[in-house]
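Sequential numbering from 8 applies to the sequence shown in this note's numbering.
Beta carbons: idealized from backbone N, C-alpha and C, even for Gly.
Keep in mind that this is a model prediction, so the values were computed, not measured.
One structure is given here, and the rest of the page talks about it.
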Amino acid sequence: MNAPDATPIREVSAAELGAMTPAAFVALLRSECSRPGRGMADHPVLAALESGAVTLPQLRLLIEQWYLHNRNMLPWIGQIYVSCPHEEVRTALVKNLAEECLGIFTGTKAHPELMLDFAAAIGMDPAAIRRTAQLADSRRVTDYFEFMAKCRPWYVPLAAIGIGLETFVPEALTRMRAALKKNYAIPDDKLVFWTMHITTDIEHGDEGTDMVARHAVTPEARKLVYDATVETSVLYFRLWNMYTMAGRQ
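Structural data, given as structure tokens:
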């Protein structure tokens with residue numbers, strides 16, 4: 008499925024993908040996930056925040072639905088752990104979950120809770136957000152993570168997260184954090200979610216890229232990775248684009 012105004016997804020055969028070097032395969036994934044209508048890279052919401060054009064209702068809707076996805080997708084990280092036969096990958100996944108769920112390594116707290124701290128700073132009720140249902144474009148990306156974790160080999164959702172999303176986080180969230188501070192007067196102590204992810208996702212993205220390059224080596228494996236990673240980037244673009252729905256949902 009393609010997001011509105013998205014670049015049509017390029018069909019690449021398993022044979023073509025299998026003939027690539029690991030570096031070329033990863034570069035292709037990043038390139039495809041950077042196209043218009045996909046992922047975080049130069050998402051329209053970034054420029055809108057930087058210009059101050061995003062209204063408070065729009066920002067609140069984005070944070071609400073982004074929080075719900077981040078909270079609800081964490082069990083599927085655990086499913087990747089259960090499915091993975093490689094000890095070094097499982098160890099990295101446990102560390103990732105410990106940070107996501109508890110803030111162990113950054114000395115903070117659960118990452119979804121950091122989002123609620125920000126939500127409170129812009130006048131939202133965290134308890135009400137916790138009870139809110141996911142809207143369709145948020146729910147679809149969470150459901151797709153469930154599908155990948157249950158119905159695809161472990162390295163497929165890992166690629167979707169590590170290459171399709173986390174490798175773009177440092178640049179995207181750096182822009183978002185600066186805009187929130189400058190144009191919306193958000194203090195540093197309410198921007199910890201952004202500050203922390205800018206540094207930690209450099210490591211997470213590098214780990215995910217390395218694991219996929221080492222383990223998704225057959226043509227068939229690479230085809231699964233390619234299709235799911237690009238699809239995830241389309242769905243994630245739609246999640247962030249939900250800010251445009253404020254007042255219409």
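The beta carbon of C108 sits closer than 6 Å to those of A117, all from its chain and outside the five residues before and after it, given in chain order.
Within the stretch 117-150, no beta strand (DSSP E) run of at least 3 residues lies entirely inside it. Its chain contains P226 as the residues whose beta carbon lies nearer than 6 Å to that of A22, once the 5 sequence neighbours on both sides are disregarded; these appear in chain order.
By the beta-carbon neighbour count (other beta carbons within 10 angstroms, threshold 16), P15 is exposed.
A residue is called buried once 16 or more other Cβ atoms fall within 10 Å of its Cβ, and C158, having fewer, is exposed.
The Cβ atoms of V19 and H76 lie no closer than 7 Å to each other. Note that the stretch 55-75 does not touch the stretch 235-245; fewer than 3 beta-carbon pairs, one per stretch, sit closer than 8 Å.
Distance from the CA atom of P194 to the CA atom of V101, rounded to whole angstroms, is 31 Å. Taking N248 as reference, the option from A128, E71, V224 with the minimal CA-CA separation is E71. In this structure, the CA atom of K188 is about 20 Å from the CA atom of P119.
In the DSSP assignment, P82 falls within the unbroken alpha helix (DSSP H) covering 63-90. Taking 7 Å as the cut-off, the beta carbon of V232 is found closer than this to the beta carbon of A166. The three-state secondary structure of H222, taken from DSSP, is helix.
Rounded to whole angstroms, the Cβ separation of V199 and T115 is 6 Å, and the two are in contact under 8 Å. Taking 4 residues as the shortest admissible run, the stretch 174-209 contains the following complete alpha helix (DSSP H) segments, listed from N- to C-terminal end: 176-191. By the Cβ-count criterion, S38 is exposed, with fewer than 16 other Cβ atoms from all chains shown falling within 10 Å of its own Cβ. Note that the C-beta distance between R229 and A235 is not below 7 Å. In the structure shown, the three-state DSSP call for V19 is coil. Inter-residue distance for L24 and L36 is about 10 Å (C-alpha atoms, whole angstroms).
Judged by DSSP secondary structure, A105 falls within the alpha helix (DSSP H) whose first and last residues are 94-109.
Bounds of the alpha helix (DSSP H) holding Y162 are 162-169.
Spanning the alpha carbons of N103 and M80 requires a straight line of approximately 13 Å.
In this model, I170 and P92 are separated by some 20 Å (Cα to Cα).
Taking all protein chains in view, the Cβ of E238 is crowded by 16 or more other Cβ atoms within 10 Å, so the residue is classified as buried.
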